[in-house]
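Visitor: Going by the numbering used here, 174 is the number at position 143 of the sequence shown; the sequence numbering is gapless. For each residue, glycine too, the CB sits at the ideal point set by N, CA and C.
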Amino acid sequence: MVAVTGNPRWQNTLAARLATVAVAFGLAIPALQAQSGNGQTQAQPPAKSQPAQDIPDAPSAVQPPLPKPALPAAPPPDFEKSADPAQNPESAQPDQEKPVPHPVPPIETVPSGSVPRNQINPKDDLYTIVKPVNFVQVPVMVKYHDGRPVDGLLAKDFTVLENGKKQTLSFFTSDPFQLSVAILLDIGMADVALQKVNQTFAALVGAFSPYDEVALYTYSSTVSQVTDFTGRSEKLTAMLNEIKLVRGHANGPPVLGGPLSGGPTVNGAPVGGPIIQPVNTPPKESHVLNDAILRAALDLSKRDRTRRKVIFVITDGRERGSAASYSDVLRLLETRDIQVKGVVVDSGALPGFRQLEKVHLKGQGYGDLLPKYASATGGGQVFSELSRNAMEEAYAQITSEARNQYTLGYTPKAVAGGAAYRDLVITVDRQGLKVFAKDGYYPIPSPSSSPR
Numbered sequence: 032m033v034a035v036t037g038n039p040r041w042q043n044t045l046a047a048r049l050a051t052v053a054v055a056f057g058l059a060i061p062a063l064q065a066q067s068g069n070g071q072t073q074a075q076p077p078a079k080s081q082p083a084q085d086i087p088d089a090p091s092a093v094q095p096p097l098p099k100p101a102l103p104a105a106p107p108p109d110f111e112k113s114a115d116p117a118q119n120p121e122s123a124q125p126d127q128e129k130p131v132p133h134p135v136p137p138i139e140t141v142p143s144g145s146v147p148r149n150q151i152n153p154k155d156d157l158y159t160i161v162k163p164v165n166f167v168q169v170p171v172m173v174k175y176h177d178g179r180p181v182d183g184l185l186a187k188d189f190t191v192l193e194n195g196k197k198q199t200l201s202f203f204t205s206d207p208f209q210l211s212v213a214i215l216l217d218i219g220m221a222d223v224a225l226q227k228v229n230q231t232f233a234a235l236v237g238a239f240s241p242y243d244e245v246a247l248y249t250y251s252s253t254v255s256q257v258t259d260f261t262g263r264s265e266k267l268t269a270m271l272n273e274i275k276l277v278r279g280h281a282n283g284p285p286v287l288g289g290p291l292s293g294g295p296t297v298n299g300a301p302v303g304g305p306i307i308q309p310v311n312t313p314p315k316e317s318h319v320l321n322d323a324i325l326r327a328a329l330d331l332s333k334r335d336r337t338r339r340k341v342i343f344v345i346t347d348g349r350e351r352g353s354a355a356s357y358s359d360v361l362r363l364l365e366t367r368d369i370q371v372k373g374v375v376v377d378s379g380a381l382p383g384f385r386q387l388e389k390v391h392l393k394g395q396g397y398g399d400l401l402p403k404y405a406s407a408t409g410g411g412q413v414f415s416e417l418s419r420n421a422m423e424e425a426y427a428q429i430t431s432e433a434r435n436q437y438t439l440g441y442t443p444k445a446v447a448g449g450a451a452y453r454d455l456v457i458t459v460d461r462q463g464l465k466v467f468a469k470d471g472y473y474p475i476p477s478p479s480s481s482p483r
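#1: When you compare the CB positions of VAL246 and ALA221, do they come within less than 8 Å of one another, or not?
#2: Rounded to whole angstroms, what is the Cα-Cα separation between PRO207 and ASP454?
#3: Any idea if GLU273 is buried or exposed, counting beta-carbon neighbours within 10 angstroms, 16 or more meaning buried?
#4: Going straight from the alpha carbon of SER353 to that of ASP347, what length do you get?
#5: Would you decide whether SER251 is buried or exposed? Buried here means 16 or more other CB atoms lie within 10 Å of its CB.
#6: How many Å lie between LEU439 and PHE202 at the Cα?
#7: Applying the criterion that 16 or more other CB atoms from any shown protein chain within 10 Å of the CB defines a buried residue, is ASP486 buried or exposed?
#8: Tell me which residue opens and which closes the alpha helix (DSSP H) that LYS266 is part of.
#9: Along the chain, where does the alpha helix (DSSP H) that runs through MET422 open and close?
#10: Rounded to whole angstroms, what's the CA-CA distance from VAL254 to GLU316? Just pull it up for me.
#11: Here's the rule: buried if 16 or more other CB atoms are within 10 angstroms of the residue's CB, otherwise exposed. What is HIS176?
#12: Under three-state DSSP, which class holds GLN226?
#13: State yes or no: is the C-beta of LEU401 within less than 8 Å of the C-beta of GLY373?
#14: If we ignore side chains and look at the alpha-carbon of each, how far apart do ARG336 and LYS469 end up?
#15: Measure the C-alpha to C-alpha separation of MET422 and THR231 and round it to an integer number of angstroms.
#16: Of all the beta strand (DSSP E) runs that stay within the bounds of the segment 181-246, which reach a length of 3 or more residues?
#17: Would you kindly report the start and end of the unbroken beta strand (DSSP E) that includes THR458?
#18: Between the Cα of VAL466 and the Cα atoms of GLY411, ASN435 and ASN420, which residue gives the shortest distance?
#19: Let me know the secondary structure DSSP gives ASN152 once reduced to three states.
#20: Quick one: grab the DSSP three-state call for ARG367.
#21: Within a Cβ cutoff of 6 Å, which residues of the same chain sit near GLU365, ignoring the five residues on either side of it in sequence?
#22: Would you kindly check if the distance between the Cβ of TYR437 and the Cβ of LEU184 is under 8 Å?
#23: Kindly indicate which residue of GLY178, LEU192 and LYS266 has the alpha-carbon position closest to the one of VAL169.
#24: Can you give me the C-alpha to C-alpha distance between VAL236 and TYR248, rounded to a whole angstrom?
#25: Indicate the three-state DSSP secondary structure (helix, strand or coil) for TYR175 in the structure shown.
#26: Give me, in chain order, the residues of the same chain whose beta-carbon lies closer than 7 Å to that of VAL181; leave out the 5 immediate sequence neighbours on both sides.
#27: Closer than 7 Å by C-beta to LEU225: which residues in its own chain qualify, once you throw out the five before and the five after it? Chain order, please.
#28: In the structure shown, what three-state DSSP assignment does SER255 receive?
#29: Buried or exposed for GLN462, going by 16 or more other Cβ atoms inside 10 Å?
#30: Is it buried or exposed for THR458, if we count other Cβ within 10 angstroms and need 16 for buried?
#31: Select from ALA238, ALA233, TYR242 and ILE345 the residue whose C-alpha is nearest the C-alpha of ALA269.
#32: Kindly indicate the opening and closing residues of the beta strand (DSSP E) around THR442.
#33: Measuring CA to CA, which of THR261, ASN229 and VAL257 is closest to TYR242?
#34: Leaving out five residues on either side along the sequence, give the residues of the same chain with a beta carbon under 6 Å from the beta carbon of SER264.
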């Protein structure tokens, strides 16, 4: 109760005002409660209300959403300028956290001659070299006497002599190389031999990897390109399947006697007068091995210089009727760093026949040019195979050797007569090993020295 003292009149007036306020306040509370009950007006809580009690909620089966990350505060207008240590050294903090770099993918070691799995474009990961015009690159194969390859050699194990002068190696690797291969298939050999070769086409395609590009040629009296260079094995398989329909020559012995050797007769007498004994000579069929190698070498010269270029010949070894000579074709091969490898089948694979073919008879062609091409260009020995299994093993060995050779590189010193032929001798500082490398090369003349 409030005690009021003083003037009675003033006291009566103050009491009347207090009574009026109390009545008004008492009438306002029910009205506010009624409005809050019917949902028309939401009453605001009093300014000084009691704090709510901590009553735990009932467990919910719904997972609450994760809290959203807080957005960073907007940078000041001169943020870029202040964050650049070069323009504002004071803003560079030594303890400032650096951005975390992206994780480095694991490095997969690829064995020699193999292909990485799940590789979309294997060419991008292959080892390549860029060489100047006067850079000499020499692929070298080293084998034991039983034919097994020698691994683990180092650059110090090799000695390179050019025109008798020792060269200093500036490049050495045993890494595998991409191959550009021109396959030359002799369709002029005996049909029985050609049909045997047709059965090995699946192994021939499987001998190449996705790194390689292959073109297919056929030859007999002429040379034809069946397909351009491609890395698609299915395209090469389709072209080889079409070649299976081609028939080789009968190559049977000429008919020199018997009932089929003369003309028609009646009671043993020739019809139409006296018979003239025919002179039967075997036809001289053209077998243009030189022209086929020349055509393939010209096309290989246009391929990427970082690839190893190989001509792969499947033939019986005969050469007759080519317009190009052996020496001219060999000069192009040695100028363009192209190797020749081959598989000889049919009669050319017989040891006695090979020895006989070394004796050249005028007008009868040649039978020993393919081994000469292979030896001079560093292609190694020519495989002479008669069975299907032996052919298939030869395909795999030829492509493996071509891809996984030692590669030596050096820059020769300038000498007089830059375009003259240069002899090469490659030796290994170990006993009992056989070294296969090209005999020499013709340097490509530089543009400055070419005639105008």
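Guide: With the given structure in hand:
#1: For the purposes of this step, residue 246 is identified with residue 215 of the sequence shown, where counting begins at 1. For the purposes of this step, residue 221 is identified with residue 190 of the sequence shown, where counting begins at 1. The question names Val, but residue 246 is Ala in the sequence shown. In this structure, ALA221 does not lie closer than 8 Å to ALA246 by Cβ.
#2: Here residue 207 is taken as the residue at index 176 of the sequence shown, counted from 1. Here residue 454 is taken as the residue at index 423 of the sequence shown, counted from 1. About 26 Å.
#3: In the sequence shown, residue 273 corresponds to position 242, counting from 1. GLU273 should be labelled exposed.
#4: What you label residue 353 is simply residue 322 of the sequence shown in a count that begins at 1. What you label residue 347 is simply residue 316 of the sequence shown in a count that begins at 1. Straight-line Cα distance between these residues: approximately 16 Å.
#5: Position 220 of the sequence shown, counting from 1, holds the residue named residue 251. With 16 or more other Cβ atoms within 10 Å, it is buried.
#6: By 1-based counting over the sequence shown, the position of residue 439 is 408. By 1-based counting over the sequence shown, the position of residue 202 is 171. Going from the Cα of LEU439 to the Cα of PHE202 covers about 6 Å.
#7: Outside the shown range of the chain, which is 32 to 483, sits residue 486, and nothing can be said about it.
#8: Numbered from 1 along the sequence shown, position 235 holds the residue referred to as residue 266. Taken as a continuous stretch (DSSP letters only), the alpha helix (DSSP H) holding LYS266 covers 264-274.
#9: Numbered from its first residue, the sequence shown carries residue 422 at position 391. Its alpha helix (DSSP H) spans residues 419-434.
#10: For the purposes of this step, residue 254 is taken as the residue at position 223 of the sequence shown. For the purposes of this step, residue 316 is taken as the residue at position 285 of the sequence shown. Taking the straight line joining both Cα atoms gives about 14 Å.
#11: As a first step, residue 176 must be located in the sequence shown, where it is residue number 145. With fewer than 16 Cβ atoms within 10 Å of its Cβ, HIS176 is classed as exposed.
#12: Translated into positions along the sequence shown, residue 226 becomes position 195. Here GLN226 sits in helix by DSSP.
#13: Taking the sequence shown and counting its residues from 1, one reaches residue 401 at position 370. Taking the sequence shown and counting its residues from 1, one reaches residue 373 at position 342. Yes, the Cβ-Cβ distance between LEU401 and GLY373 is below 8 Å.
#14: Counting from 1 along the sequence shown, the entry for residue 336 is found at position 305. Counting from 1 along the sequence shown, the entry for residue 469 is found at position 438. Approximately 18 Å between the Cα atoms of the pair.
#15: As a position in the sequence shown, residue 422 is number 391, starting the count at 1. As a position in the sequence shown, residue 231 is number 200, starting the count at 1. Cα-Cα distance, rounded: 7 Å.
#16: 189-193, 202-204 and 210-217
#17: Reading the sequence shown from its first residue, position 427 is the one you call residue 458. Element bounds for THR458: 453-459.
#18: Here residue 466 refers to the residue found at position 435 of the sequence shown. The shortest Cα separation from VAL466 among GLY411, ASN435 and ASN420 belongs to GLY411.
#19: Taking the first residue of the sequence shown as 1, we reach residue 152 at position 121. Note that ASN152 scores 44 on pLDDT, short of 50, meaning its location in the model is unreliable; the coordinates nonetheless yield the value given after this. If DSSP states are grouped into helix, strand and coil, ASN152 belongs with coil.
#20: As a position in the sequence shown, residue 367 is number 336, starting the count at 1. Three-state result, ARG367: coil.
#21: Position 334 of the sequence shown, counted from the start, is the residue given in the question as residue 365. Counting only Cβ-Cβ distances below 6 Å, and skipping sequence neighbours, we find TYR472 and TYR473.
#22: Start at 1 with the first residue of the sequence shown, and residue 184 comes out as number 153. Start at 1 with the first residue of the sequence shown, and residue 437 comes out as number 406. Cβ atoms of LEU184 and TYR437: closer than 8 Å.
#23: Walking along the sequence shown from the start, residue 169 turns up at place 138. Among GLY178, LEU192 and LYS266, the Cα nearest to that of VAL169 is on LEU192.
#24: Taking the sequence shown and counting its residues from 1, one reaches residue 236 at position 205. Taking the sequence shown and counting its residues from 1, one reaches residue 248 at position 217. Looking at the two C-alpha atoms, the distance is approximately 14 Å.
#25: By 1-based counting over the sequence shown, the position of residue 175 is 144. Note: TYR175 maps to coil in three-state DSSP.
#26: Indexing the sequence shown from 1 puts residue 181 at position 150. Correct list, in chain order: VAL173, LYS174, TYR175 and LEU464.
#27: Here residue 225 refers to the residue found at position 194 when the sequence shown is read from its first residue. Excluding residues within five positions, the ones whose Cβ falls inside 7 Å are ILE218 and GLY279.
#28: As a working note, residue 255 is residue 224 in the sequence shown. In the structure shown, SER255 sits in a strand (DSSP, three-state: E or B).
#29: Mapped onto the sequence shown, residue 462 falls at position 431. GLN462 is exposed by the Cβ-count criterion.
#30: Residue numbering aside, residue 458 sits at position 427 when the sequence shown is read from its first letter. With fewer than 16 other Cβ atoms within 10 Å, it is exposed.
#31: In the sequence shown, the residue the question calls residue 269 occupies position 238. Residue ALA233 is the option with its Cα nearest to ALA269.
#32: In the sequence shown, counting from the first residue as 1, residue 442 sits at position 411. No beta strand (DSSP E) holds THR442; DSSP gives it neither H nor E.
#33: For the purposes of this step, residue 242 is identified with residue 211 of the sequence shown, where counting begins at 1. Of the listed residues, the one whose Cα sits closest to TYR242 is THR261.
#34: Here residue 264 refers to the residue found at position 233 when the sequence shown is read from its first residue. Same-chain partners within the cutoff: VAL236.
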